[in-house]
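The listed protein sequences correspond, in order, to chains A and B.
If you read the first sequence in this note's numbering, its first letter stands for residue 148, the second for the next number, and so on.
If you read the second sequence in this note's numbering, its first letter stands for residue -14, the second for the next number, and so on.
Using N, Cα and C, we set each Cβ at its ideal position, and we do this for glycine too.
Accompanying notes for the structure given below.
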Amino acid sequence: MNFAQNSSIQKPTPPDKGSFPLDHDSECSKPMMDYMKCLKDNQNQSRLCMEFSKLYLQCRMDNNLMAKEDMDNFGFENVKNAKIVQAPKYNPNEPIVAGLSRRNNNK
Amino acid sequence: NNNEFKDEKRKTLDEKNKTTAMYVAITIIMVLGASYAAVPLYRVFCRVTGFGGTVREADEFDIVRKRDLNRTVYPFKVTFTASTANKIPWSFKPTQSTIECVPGEPVLCFYRATNNTDTPIIGVATYNITPMKAGSYFTKIQCFCFDEQRINAHETIDMPVLFVIEPEILDDKSMKGVSDITLSYTFFKSND
């Protein structure tokens, strides 16, 4: 992969909070299975399963598998402020006509 | 008389040539010396001012990014794939095939690895994001990549990834029409 050719390709960056230690003793399997079940029930929409995410992260923190942190720092609550709309329809084959400004797309 | 004049002229010319040559030689030596001295000088400069990213404070790790989500967002579908390289004798799969999430939301997902052999194996994971330009908006808060992971014989481990799609992806015009992102993890065997 030649990064010099395309500068928009990002090199893989390390994670912000580092690496999760491995859960060898399956201490947090139950919160994990609850979360997976919630995803299955909700068509894999993760914003409806935030509580289960928090429970899993809390389990990790309690069992020393993750650095202890305030739940608010992750930003779970921010999602409630967002207005969720449908993705705008985008036709990649829409031609560009010289002189005509694109009507639907924003400036 | 004419010869004497010529001799004198030649003498002053020689002297001038000698002084010029001396000046040039001194300049060369000074420049050479400066280029050798630059190496330790730069080191001191960087240490004092912290330029060049050589100095990093410990609390940068804890600075929490506040993402402003008082806006309209649309959901992205993140697909998960997993692969192993070098014929590692373990199975490595994502526990969920896709997740629908919105930018700014911290999303939890899992990968499951099973060691089918009788000996512990040490592996390292790396990831890739497609489409490429979405990679700069994909922030991993915590994952299991780039660190050696050891899985014991006949052990199954669930490895989580906590990630966020940055809300700035919605403002980027080159990302218009992108609503599918694929996260691929590859496990390599560590040679230790």
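Inset, instruction - Report yes or no: do the region 185 to 198 of chain A and the region 89 to 96 of chain B share at least 3 C-beta pairs separated by less than 8 Å? - result: yes
Inset, instruction - Let me know if Leu(-2) of chain B comes out buried or exposed under the rule of 16 or more other beta-carbons within 10 Å of its beta-carbon. - result: Burial check for Leu(-2) of chain B: the Cβ neighbour count within 10 Å stays below 16, so the residue is exposed.
Inset, instruction - Can you grab the Cα-Cα spacing for the pair Phe46 of chain B / Lys230 of chain A, in whole Å? - result: The predicted position of Phe46 of chain B is uncertain, since its pLDDT is 46 and thus under 50; no value can be drawn from it.
Inset, instruction - Can you check the region 190 to 227 of chain A for any alpha helix (DSSP H) of at least 4 residues that lies completely inside it and give the ranges in chain order? - result: 197 to 209
Inset, instruction - Check whether the Cβ atoms of Leu155 of chain B and Ile126 of chain B sit closer than 7 Å, and answer yes or no. - result: no
Legend entry - Minimum Cβ-Cβ distance from Asp165 of chain B to chain A less than 7 Å: Interface with chain A (7 Å Cβ-Cβ cutoff): Asp165 of chain B is excluded.
Legend entry - Closest residue to Thr102 of chain B among B:Gly162, B:Ile136, B:Ile150 and B:Ala22 (Cα-Cα distance): B:Ile136
Legend entry - Any C-beta of chain A under 7 Å from that of Gly162 of chain B: yes
Legend entry - Spatial neighbours of Tyr203 of chain A in its chain, beta-carbon cut-off 7 Å, leaving aside the 5 residues before and after: Cys175, Pro178, Met179 and Tyr182
Inset, instruction - Count the other CB atoms, across all protein chains shown, that sit within 10 Å of the CB of Thr39 of chain B; report buried if there are 16 or more and exposed otherwise. - result: For Thr39 of chain B, the predicted structure reports a pLDDT of 47, less than 50, and the residue's modelled location is therefore unreliable. A value from the coordinates is still provided. With fewer than 16 Cβ atoms within 10 Å of its Cβ, Thr39 of chain B is classed as exposed.
Inset, instruction - Identify the contact partners of Gln192 of chain A in chain B, using a Cβ-Cβ distance below 7 Å as the criterion. - result: Glu85
Legend entry - Residue from B:Lys3, B:Cys128 and B:Pro152 with nearest C-alpha to Asp163 of chain A: Minimum Cα distance to Asp163 of chain A is reached at B:Cys128.
Legend entry - Beta-carbon contacts of Asp143 of chain B that lie in its chain and below 6 Å, excluding the five residues immediately before and after: Counting only Cβ-Cβ distances below 6 Å, and skipping sequence neighbours, we find Phe95 and Arg97.
Legend entry - Coil, strand or helix - Glu174 of chain A by DSSP: coil
Legend entry - Residue-chain proximity (Phe129 of chain B, chain A), Cβ-Cβ < 7 Å: yes
Inset, instruction - Evaluate Glu42 of chain B with the Cβ neighbour count: other Cβ atoms within 10 Å of its Cβ, from every protein chain shown; 16 or more gives buried, anything less gives exposed. - result: Note on Glu42 of chain B: pLDDT 49, under 50, position unreliable in the model; no value is reported.
Inset, instruction - Classify Ile11 of chain B as helix, strand or coil using the three-state DSSP reduction. - result: helix
Legend entry - Cβ-based burial, Gly108 of chain B [other Cβ within 10 Å; buried from 16]: Using a 10 angstroms sphere on the CB of Gly108 of chain B, the tally of other CB atoms reaches 16 or more, which defines it as buried.
Inset, instruction - Can you tell me the Cβ-Cβ gap for Ser175 of chain B and Lys118 of chain B, rounded? I've got them flagged as a contact below 8 Å. - result: No, Ser175 of chain B and Lys118 of chain B are not in contact; Cβ-Cβ is about 31 Å, not under 8 Å.
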